[in-house]
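Numbering (the working numbering), first residue to last: 1 to 224. The beta carbon of each residue, even a glycine, is placed where N, CA and C say it ideally should be. First up is the structure itself, then whatever we jot down about it.
What follows is the structure, encoded as structure tokens:
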């Protein structure tokens with residue numbers, strides 16, 4: 001999951017970005033509304049965590065501009081403003097959720113997972129292909145009922161593939177899901193993680209389509 005965090009408080013911003021990255025997400029951080037607006041107009045994210053009290057351009061202005069462009073990227077407002085009128089304004093401006101500071105990280109992660117499910121049109125939180133199961137909430141992966149321990153990046157890569165079983169996901173799309181701005185990226189990183197996943201889970205459900213990308217599911221013609 002690639003997340004944009006728009007937060008001007010350096011302590012909150014740094015701690016949230018690191019917490020999201022520890023969950024295997026690609027988390028990018030901007031500190032004012034103009035930067036948030038510019039980035040959202042040019043790059044794609046799976047979700048936005050948006051503070052309302054941003055300098056230069058308010059969070060509400062950023063949100064309204066996003067929706068005016070027809071961009072349906074899910075937005076969770078993170079703010080200390082707890083008045084009913086502020087909540088109504090934020091939701092009516094196009095926010096998908098509203099979380100008042102201070103909040104627990106576990107609650108924020110649960111709300112992000114709920115947004116993912118709604119975006120993917122899924123009711124169940126568990127992702128499955130054949131006997132391979134991934135639970136984003138508990139971060140548990142099993143194959144044929146056997147628990148398999150994955151690193152944060154391996155988990156994030158597998159989740160990206162299982163969210164669209166059978167669909168080919170390009171290397172660039174996977175890199176966007178796994179790495180944020182400034183994070184070191186080796187040219188063969190995705191290949192290495194795929195090799196590790198096949199070693200731990202078996203190669204029969206995780207495939208490479210040369211020149212196109214990767215997918216999870218039964219083998220197709222031309223896949224390796």
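* To do: Measure from the alpha carbon of residue 54 to the alpha carbon of each residue in 67, 30, 203, then state which is nearest.
  => To locate residue 54, count along the chain shown from 1; it is residue 54. Among 67, 30, 203, the Cα nearest to that of residue 54 belongs to 30.
* Taking buried to mean at least 16 other C-beta atoms within 10 Å of its own C-beta, is residue 28 buried or exposed? -> Position 28 of the chain shown holds residue 28. Under this definition residue 28 is a buried residue.
* When the Cα atoms are used, what is the spatial distance from residue 174 to residue 35? -> As a first step, residue 174 must be located in the chain shown, where it is residue number 174. As a first step, residue 35 must be located in the chain shown, where it is residue number 35. Distance between the alpha carbons of residue 174 and residue 35: 24 Å.
* **Local Cβ density within 10 Å of residue 45, reported as buried at 16 or more and exposed below that** => Numbered from 1 along the chain shown, position 45 holds the residue referred to as residue 45. With 16 or more other Cβ atoms within 10 Å, it is buried.
* Asked: From what residue to what residue does the beta strand (DSSP E) around residue 2 run?
  -> If you number the chain shown from 1, residue 2 lands on position 2. That run of the beta strand (DSSP E) goes 2-6.
* Measure how close the beta-carbons of residue 61 and residue 33 come, nearest whole angstrom, since I'm counting them as under 8 Å. => Indexing the chain shown from 1 puts residue 61 at position 61. Indexing the chain shown from 1 puts residue 33 at position 33. Taking 8 Å as the upper bound for CB-CB distance, residue 61 and residue 33 are in contact here, some 6 Å apart.
* **Ranges of the beta strand (DSSP E) found wholly within the region 110-165, counting only runs of at least 3** => Complete beta strand (DSSP E) runs here, min 3: 127-129, 132-135, 140-143, 146-148.
* Rounded to the nearest angstrom, how far is the Cβ of residue 93 from that of residue 49, given a contact under 8 Å? -> Position 93 of the chain shown, counted from the first residue, corresponds to residue 93. Position 49 of the chain shown, counted from the first residue, corresponds to residue 49. So it is not a contact: roughly 15 Å between Cβ atoms.
* **residue 130 versus residue 10 - alpha carbon distance** => Looking up residue 130 in the chain shown gives position 130. Looking up residue 10 in the chain shown gives position 10. Distance from the CA of residue 130 to the CA of residue 10, rounded to the nearest whole angstrom, comes to 44 Å.
* Rounded to a whole number of angstroms, what is the C-alpha to C-alpha distance between residue 6 and residue 138? -> As a first step, residue 6 is located in the chain shown; it is residue number 6 there, counting from the start. As a first step, residue 138 is located in the chain shown; it is residue number 138 there, counting from the start. The straight-line gap separating the alpha-carbon atoms of residue 6 and residue 138 is approximately 27 Å.
* Within the region 188-215, note down every full beta strand (DSSP E) run reaching 3 residues or more, in order along the chain. => DSSP runs (the beta strand (DSSP E)) wholly in the region 188-215: 206-209.
* Asked: Is DSSP giving residue 52 helix, strand or coil here?
  -> For the purposes of this step, residue 52 is taken as residue 52 along the chain shown, with counting starting at 1. Secondary structure of residue 52 (DSSP, three-state): coil.
* Please work out which residues of its chain come closer than 7 Å, Cβ to Cβ, to residue 193, disregarding the five sequence neighbours upstream and downstream, and give them in chain order. => For the purposes of this step, residue 193 is taken as the residue at position 193 of the chain shown. Within the same chain, and ignoring the five residues on either side of residue 193 in sequence, the residues whose Cβ sits closer than 7 Å to its Cβ are 153, 154, 157.
* To do: Answer yes if the region 197-210 comes into contact with the region 177-184, meaning at least three C-beta pairs across the two stretches below 8 Å, and no otherwise.
  => With the cut-off at 8 Å, the region 177-184 and the region 197-210 do not touch.
* Could you tell me how far apart the beta carbons of residue 78 and residue 91 are, in whole angstroms, since I believe they sit closer than 8 Å? => The residue labelled residue 78 in the question sits at position 78 within the chain shown. The residue labelled residue 91 in the question sits at position 91 within the chain shown. The beta-carbon distance between residue 78 and residue 91, rounded to whole angstroms, is 14 Å. This is too long to meet the 8 Å contact definition.
* To do: With hydrogens ignored, establish whether the beta-carbon of residue 147 is closer than 7 Å to any heavy atom of the ligand SAM.
  => As far as ligands go, the structure on display features none, and thus does not contain the ligand SAM.
* Asked: What three-state label does DSSP hand residue 38 in the structure shown?
  -> The count along the chain shown starts at 1 and reaches residue 38 at position 38. Collapsing the DSSP output to three states places residue 38 in a helix.
* To do: With DSSP as the reference, please indicate the residues paired to residue 19 in a beta bridge.
  => As a first step, residue 19 is located in the chain shown; it is residue number 19 there, counting from the start. Within the DSSP secondary-structure output, residue 19 pairs in no beta bridge.
* Asked: What number of angstroms, rounded off, separates the C-alpha of residue 147 from the C-alpha of residue 20?
  -> For the purposes of this step, residue 147 is identified with residue 147 of the chain shown, where counting begins at 1. For the purposes of this step, residue 20 is identified with residue 20 of the chain shown, where counting begins at 1. The straight-line gap separating the alpha-carbon atoms of residue 147 and residue 20 is approximately 24 Å.
* **Cβ shell of residue 166 (< 7 Å), same chain only, five flanking positions each side left out** => Sequence index remark: in the chain shown, residue 166 carries index 166 (1-based). Counting only Cβ-Cβ distances below 7 Å, and skipping sequence neighbours, we find 215, 217.
* To do: Tell me whether residue 79 sits in a helix, a strand or coil according to DSSP, three-state version.
  => Counted from its first residue, the chain shown places residue 79 at position 79. Residue state, collapsed to three classes: strand.
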